[in-house]
Amino acid sequence: MIDLSLIWVGIIGLGVLIYVVMDGFDLGIGIMFPFIKNSQERDVMMNTVAPVWDGNETWMVLGGAGLYAAFPLVYSTVLSALYLPIIFMVIALIFRGVAFEFRFKAHRTKHLWDLAFIWGSVLTSFLQGIILGAYIQGIKTENGIYAGGPFDWLSPFTIFTGIGVVAMYATLGCGWLILKTEKGLQQRMYELMPKLIIALLIIFGGVSLYTPLTHPEIADRWFSLPNLFYFSPVPILVLLFVGLILSACKKQDHDLKPFAYTLALVFLAFTGFVISLWPYIIPPSVTIWQAAAPHSSQMFALVGALILIPIIIAYTIVSYWVFRDKVRVGDEGYH
1 MIDLSLIWVG
11 IIGLGVLIYV
21 VMDGFDLGIG
31 IMFPFIKNSQ
41 ERDVMMNTVA
51 PVWDGNETWM
61 VLGGAGLYAA
71 FPLVYSTVLS
81 ALYLPIIFMV
91 IALIFRGVAF
101 EFRFKAHRTK
111 HLWDLAFIWG
121 SVLTSFLQGI
131 ILGAYIQGIK
141 TENGIYAGGP
151 FDWLSPFTIF
161 TGIGVVAMYA
171 TLGCGWLILK
181 TEKGLQQRMY
191 ELMPKLIIAL
201 LIIFGGVSLY
211 TPLTHPEIAD
221 RWFSLPNLFY
231 FSPVPILVLL
241 FVGLILSACK
251 KQDHDLKPFA
261 YTLALVFLAF
271 TGFVISLWPY
281 IIPPSVTIWQ
291 AAAPHSSQMF
301 ALVGALILIP
311 IIIAYTIVSY
321 WVFRDKVRVG
331 DEGYH
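Counting in the UniProt record's numbering, the final residue of the sequence shown is number 335, and the numbers go up one at a time with none missing.
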């Protein structure tokens with residue numbers, strides 16, 4: 001029999017990874033807003049994602065819907081454990097979305113919508129990092145029901161991972177703006193990118209060291225033999241791509257390089273996350289098979305997913321292809 005649980009983990013994982021990348025640089029633009037004071041250049045920054053920003057969030061919906069259909073136990077348990085940060089994240093996304101639309105139409109209140117866009121982006125990113133950190137540090141369950149307190153998600157580690165996600169999205173946004181802009185705005189992004197990537201490396205290192213120190217099972221996963229040899233390419237590749245980003249920012253010979261190398265870092269971070277927690281879908285005790293919905297339910301949902309996902313991928317590729325050129329000051333038709 002086909003292991004539908006593994007297929008669904010792959011689908012949900014793909015949705016989450018694509019969301020982190022696409023909405024990551026989208027949110028990163030809002031995080032980068034305070035570094036740019038010129039209103040026209042801020043218009044350019046927003047226009048780089050104006051045609052695609054709302055479609056980027058489709059992947060978050062796909063991940064959540066897939067979790068509900070294939071692993072309802074995880075959906076109910078995680079939502080119970082992380083209800084507050086998830087609700088605050090949704091509110092921040094609403095403020096950000098409203099600010100995105102209203103900013104282009106406002107005149108006297110444009111600065112207020114700028115602030116709403118900035119804080120909506122920062123808080124959304126920070127709260128996603130909080131959720132990630134709380135998930136890594138573990139969710140207490142008893143008989144499949146959340147058994148922790150309302151604020152178990154809040155700890156120094158989750159605050160640190162929250163800052164880490166803000167830094168990661170800012171780096172993605174900076175790389176995206178290098179790719180999509182030119183002249184003075186692009187040059188400032190080139191200057192900011194090395195600082196962001198060093199900050200991100202420090203945070204990556206902190207999370208990577210803290211997690212195995214506080215979770216013996218994760219430490220054994222990474223540092224026991226022969227796993228140490230199998231998994232050591234991950235941190236080595238992280239250092240390699242950091243070096244490539246710093247080199248690309250110095251040479252400035254190809255605008256795609258900083259963004260592409262940052263995407264590689266995100267993929268490596270995601271790989272490390274999977275290696276650390278596998279096969280637990282509610283760490284540290286519930287595996288993907290223990291939390292799976294009945295086979296018939298997973299199969300029914302899979303049919304719909306196999307129809308919808310190619311359509312989503314197709315219109316995403318088309319939209320990015322149509323708006324593939326650089327955005328310049330004074331360009332019309334983006335919003």
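Where is the CB? At the ideal position from N, CA and C, for every residue including glycine. None of the values given here were measured: they were computed from a predicted structure.
The beta-carbon distance between residue 135 and residue 63, rounded to whole angstroms, is 13 angstroms. This is too long to meet the 8 angstroms contact definition.
In the DSSP assignment, residue 145 forms a beta bridge with 142. Under the DSSP assignment, residue 36 falls outside any alpha helix (DSSP H); it carries neither an H nor an E label.
By the neighbour-count criterion, in which 16 or more other beta carbons inside 10 Å mark a residue as buried, residue 304 falls on the exposed side. In the three-state reduction of the DSSP assignment, residue 286 falls in the strand class, which pools E and B.
Take residue 257, set aside five residues on each side of it, and the residues of its chain with a beta-carbon closer than 8 angstroms to its own are 244, 245, 248, in chain order.
For the set 89, 23, 106, the Cα lying nearest the Cα of residue 55 is the one of 23.
Non-local beta-carbon contacts of residue 141 in its own chain, meaning distances under 7 angstroms to residues more than five positions away in sequence, involve 77, 147, 282, 285, 286 in chain order.
Counting only the Cα atoms, residue 325 lies some 40 angstroms from residue 71.
By the Cβ criterion, the region 178-185 is not in contact with the region 199-218, since fewer than three pairs of Cβ atoms, one from each stretch, lie closer than 8 angstroms. Using a Cβ distance threshold of 8 angstroms, residue 93 and residue 86 do not count as a contacting pair. Sorting 83, 225, 66, 36 by C-alpha distance to the C-alpha of residue 149 places 83 at the top. The continuous alpha helix (DSSP H) containing residue 77 extends over residues 72-81. For residue 281, the secondary structure class from DSSP, reduced to helix, strand or coil, is strand. About 45 angstroms separates the Cβ atoms of residue 221 and residue 44, ruling out a contact at the 8 angstroms cut-off.
Secondary structure at residue 295: helix, using DSSP grouped into helix, strand and coil. Residue 302 and residue 21 have their alpha carbons spaced roughly 24 angstroms apart. Of the residues assessed, residue 224 falls on the exposed side of the cut-off, its CB having fewer than 16 other CB atoms within 10 angstroms. In this model, residue 271 and residue 217 are separated by some 17 angstroms (Cα to Cα). With respect to the 8 angstroms criterion, residue 59 and residue 15 are classified as neighbours on the basis of their beta carbons. Around the beta carbon of residue 47, 16 or more other beta carbons lie within 10 angstroms, which makes this residue buried. The region 108-115 makes no contact with the region 185-197; the number of CB pairs closer than 8 angstroms stays below 3.
A residue is called buried when at least 16 other Cβ atoms come within 10 angstroms of its Cβ; residue 321 does not meet this threshold and is exposed.
Between residue 169 and residue 263, the beta carbon gap of about 13 angstroms keeps them out of contact (Cβ cut-off 8 angstroms).
Residue 158 is not a Cβ neighbour of residue 128, given a cutoff of 8 angstroms.
Here the alpha carbons of residue 252 and residue 178 stand approximately 10 angstroms from one another. Residue 103 sits in a helix when the DSSP states are folded into three classes.
DSSP places residue 49 in the coil class of the three-state scheme, outside both helix and strand.
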